[in-house]
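Take the sequence shown: its position 38, counted from the start at 1, is 40 in the working numbering, and no numbers get skipped.
A virtual CB, placed ideally from N, CA and C, is assigned to each residue, including glycine.
In what follows, a single structure is set out as structure tokens and then discussed.
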Amino acid sequence: MIEIKISYDPDPKLALENTRFWAPLSLTAEQKHSIDDPIEMEKAADALPIEQVAKRWIVASDPDEAVEKVGQYVKWGLNHLVFHAPGHDQRRFLDLFEKDLAPRLRRLA
Numbered sequence: 003m004i005e006i007k008i009s010y011d012p013d014p015k016l017a018l019e020n021t022r023f024w025a026p027l028s029l030t031a032e033q034k035h036s037i038d039d040p041i042e043m044e045k046a047a048d049a050l051p052i053e054q055v056a057k058r059w060i061v062a063s064d065p066d067e068a069v070e071k072v073g074q075y076v077k078w079g080l081n082h083l084v085f086h087a088p089g090h091d092q093r094r095f096l097d098l099f100e101k102d103l104a105p106r107l108r109r110l111a
């Protein structure tokens, strides 16, 4: 079993921007070393470049690209995949996942 962090949306800007939801996890140890206040932590995370935030995720707007990146885990023998999507609109992600990604992922099995 593996948890796969994926930000998928046909709108590339939205796929990228959705990763901001978990931006505090992208702070390095040095960046958060002296921060005790959660509000200050959030401010520091909001100031991060989107590239630093997004590098923790598979970010894709093309379903074939997303499945190709996820497919590496299947090739390694992992067959229980748990998907973690960022962003506020989880219903949108689930609808897009079911429509665009699930059929392609099933073909990998």
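ASP11, buried or exposed, once every other Cβ within 10 Å from all chains shown has been counted against 16: For the purposes of this step, residue 11 is identified with residue 9 of the sequence shown, where counting begins at 1. Buried, because 16 or more other Cβ atoms sit within 10 Å of the Cβ of ASP11.
Run of the beta strand (DSSP E) containing ALA62, from where it starts to where it stops: Mapped onto the sequence shown, residue 62 falls at position 60. Taken as a continuous stretch (DSSP letters only), the beta strand (DSSP E) holding ALA62 covers 60 to 62.
Buried or exposed by the 16-neighbour rule on C-beta atoms within 10 Å, applied to PRO51: Taking the sequence shown and counting its residues from 1, one reaches residue 51 at position 49. Exposed, by the Cβ-count rule.
Identity of the residues DSSP links to VAL84 by a beta bridge: Position 82 of the sequence shown, counted from the start, is the residue given in the question as residue 84. In DSSP, VAL84 forms a bridge with GLU5.
ASN81 burial status per 10 Å Cβ neighbour count (16 or more: buried): In the sequence shown, the residue the question calls residue 81 occupies position 79. So ASN81 ends up on the exposed side.
C-alpha gap between ALA104 and ILE41, whole angstroms: By 1-based counting over the sequence shown, the position of residue 104 is 102. By 1-based counting over the sequence shown, the position of residue 41 is 39. Taking the straight line joining both Cα atoms gives about 37 Å.
Beta-carbon proximity check, ALA47 vs PRO26, cutoff 8 Å: Looking up residue 47 in the sequence shown gives position 45. Looking up residue 26 in the sequence shown gives position 24. Yes, these two residues count as a Cβ contact at 8 Å.
Residue range of the unbroken alpha helix (DSSP H) whose run includes ASP66: By one-based count along the sequence shown, residue 66 stands at place 64. Here the alpha helix (DSSP H) through ASP66 covers 65 to 77.
The stretch 22 to 38 contacting the stretch 88 to 99, beta-carbon criterion three pairs below 8 Å: yes
Beta-carbon proximity check, LEU96 vs VAL72, cutoff 8 Å: On the sequence shown, position 94 is the one that residue 96 refers to. On the sequence shown, position 70 is the one that residue 72 refers to. Their beta carbons are not under 8 Å apart, which means LEU96 does not touch VAL72 by this criterion.
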